[in-house]
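**Q** According to the numbering used here, the sequence shown is numbered sequentially starting from 376. Every residue gets a Cβ at the ideal spot worked out from N, C-alpha and C, and that includes glycine. Right, I'll just put the structure down here and ask away after.
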Amino acid sequence: MDGSSLELRQLRTFLMVAKEGHFGRAATRLNMTQPAVSQRIQALEREVGAELLVRSARDVQLTATGEFLLPYARRLVQIADEAVRDVKTRAATGAGKLRIAYVAHIDVAIPATIVTEFRRRHPHVELETSFAYSRLNIERVVDGELDLAFIATAGDFPDGIAYRPVGRGEMVAVLPVGHRLAGLDPIPAGDLRGEELILFPPRLNPGLAASLRSWFTRNTATQPKVVAYEPGDQAVELVLRSGSAITLTSRNYASNVGTPGILYRRLAPAPLFELGVVCRQDDPSPALARLLQVVDEVGLREDARADGELIT
Numbered sequence: 376m377d378g379s380s381l382e383l384r385q386l387r388t389f390l391m392v393a394k395e396g397h398f399g400r401a402a403t404r405l406n407m408t409q410p411a412v413s414q415r416i417q418a419l420e421r422e423v424g425a426e427l428l429v430r431s432a433r434d435v436q437l438t439a440t441g442e443f444l445l446p447y448a449r450r451l452v453q454i455a456d457e458a459v460r461d462v463k464t465r466a467a468t469g470a471g472k473l474r475i476a477y478v479a480h481i482d483v484a485i486p487a488t489i490v491t492e493f494r495r496r497h498p499h500v501e502l503e504t505s506f507a508y509s510r511l512n513i514e515r516v517v518d519g520e521l522d523l524a525f526i527a528t529a530g531d532f533p534d535g536i537a538y539r540p541v542g543r544g545e546m547v548a549v550l551p552v553g554h555r556l557a558g559l560d561p562i563p564a565g566d567l568r569g570e571e572l573i574l575f576p577p578r579l580n581p582g583l584a585a586s587l588r589s590w591f592t593r594n595t596a597t598q599p600k601v602v603a604y605e606p607g608d609q610a611v612e613l614v615l616r617s618g619s620a621i622t623l624t625s626r627n628y629a630s631n632v633g634t635p636g637i638l639y640r641r642l643a644p645a646p647l648f649e650l651g652v653v654c655r656q657d658d659p660s661p662a663l664a665r666l667l668q669v670v671d672e673v674g675l676r677e678d679a680r681a682d683g684e685l686i687t
């Protein structure tokens, strides 16, 4: 059977004749004429080089070769049907794979709500997730390593990158137990004047870093006294070791971590940062389009929960 040209329609006809045990009944089930059924069976027999069915006055019986072919025919037809079904499902649901990145050490509540809702609506889509700072997230989208990334107040965007806001997060103060401001909650922003600050490196998110400095200057009438630049957990550790410095982190992130000797205090006015998503403008993925639909719906709902002063 080298160079075999077995046709699925021949196998389907063979299976129906084997099931019904009669050419006439098989023809009726297949909505074909009886001669057409006979022609397909004959073509299949020529292809395999053996007789598959034996007619009698009352019914049709499988030959030994027909019995041998039967499970193979069933398997081939089943695989073909599964392939068609799965392709249709993929086309209808946007199934596939999406690579998503969250923002490291920033509010994860809104992104988690979006992703959870997307999984509920589209369980056939595989999601591959990771964490990075905003600037790296944008670069990975540009380079095609990510399909969508969450970012925090990132400023200007490269050509070909689409951005849409999804909500707002709140920054809170991180200070050591025993700090002079520890008894205040919230801490008036003006009371931060002259305090030693440890901020995350501007290279990780130039837009957010610049916005925080502007917020500080507006509310304290002076430039921030930055003594070090450290990201995330390293900044908290340095605050603990210093015994006097303060850093800032997102309120949601702070609510999910606990470090002995460290306190988290809200600020007044509360500095709010904009949380958004970026993706490539020319990405044709149906799955991405469906994710962006969830982003718009959930993001708009979550946005109303934040209250404070948007840092710009």
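Specify the secondary structure class of residue 584 as computed by DSSP and reduced to three states.
**A** Helix at residue 584.
**Q** Please go through the same chain and pick out, in chain order, the residues whose beta-carbon is closer than 7 Å to the beta-carbon of residue 595, but skip the five residues on each side of it.
**A** Cβ neighbours of residue 595 beyond the five flanking positions: 564, 565, 567 and 568.
**Q** So, for residue 588: in the same chain, excluding its five sequence neighbours on each side, which residues have a beta-carbon less than 7 Å away from its beta-carbon?
**A** Counting only Cβ-Cβ distances below 7 Å, and skipping sequence neighbours, we find 599.
**Q** Does the beta-carbon of residue 687 have 16 or more other beta-carbons within 10 angstroms, so that it is buried, or is it exposed?
**A** So residue 687 ends up on the exposed side.
**Q** Have a look at 516, 633, 527 and 461 and flag the residue whose alpha-carbon is nearest the alpha-carbon of residue 534.
**A** For the residues 516, 633, 527 and 461, the minimum Cα distance to residue 534 belongs to 516.
**Q** Can you look up residue 505 in the DSSP assignment and give me helix, strand or coil?
**A** DSSP places residue 505 in strand when its eight states are reduced to three.
**Q** If you run the structure through DSSP and keep just helix, strand and coil, what is residue 443?
**A** It is helical.
**Q** Could you pull out every unbroken beta strand (DSSP E) segment of at least 3 residues lying fully inside the region 569-637, listed in chain order?
**A** Runs found: 571-574, 600-604 and 621-625.
**Q** Quick one: which unbroken alpha helix (DSSP H) runs of 4-plus residues sit fully inside the region 382-432? Chain order, please.
**A** The region 382-432 contains these whole alpha helix (DSSP H) runs: 383-395, 398-405 and 409-423.
**Q** So does the region 500-513 actually touch the region 539-554, counting three or more Cβ pairs closer than 8 Å?
**A** No, the region 500-513 is not in contact with the region 539-554.
**Q** Specify, as a first and last residue, the run of the alpha helix (DSSP H) that residue 545 falls within.
**A** Residue 545 -> not in any alpha helix (DSSP H); beta strand (DSSP E) instead, spanning 536-551.
**Q** With residue 527 as the anchor, note down where its beta strand (DSSP E) starts and where it stops.
**A** It spans 523-527 - the beta strand (DSSP E) in which residue 527 sits, taken as one unbroken run.
**Q** For the alpha helix (DSSP H) that contains residue 490, what are its first and last residues?
**A** Element bounds for residue 490: 484-496.
**Q** Checking 8 Å against the spacing of the C-beta atoms, do residue 673 and residue 422 come in under that value?
**A** Contact: no.
**Q** Just the Cα atoms here: how many angstroms apart are residue 407 and residue 518?
**A** Cα-Cα distance, rounded: 55 Å.
**Q** Put residue 684 into one of helix, strand or coil per three-state DSSP.
**A** In this structure, residue 684 counts as strand in the three-state DSSP scheme.
**Q** Using a threshold of 8 Å, state whether the C-beta atoms of residue 451 and residue 437 are closer than that.
**A** No, the Cβ-Cβ distance between residue 451 and residue 437 is not below 8 Å.
**Q** Counting C-beta neighbours from all protein chains within 10 Å, is the total for residue 625 16 or more, i.e. buried, or is it exposed?
**A** When all chains shown are included, residue 625 counts as buried.
**Q** Can you tell me which of 500, 444, 463 and 461 puts its alpha carbon nearest to the alpha carbon of residue 424?
**A** For residue 424, the nearest C-alpha among the options comes from 444.
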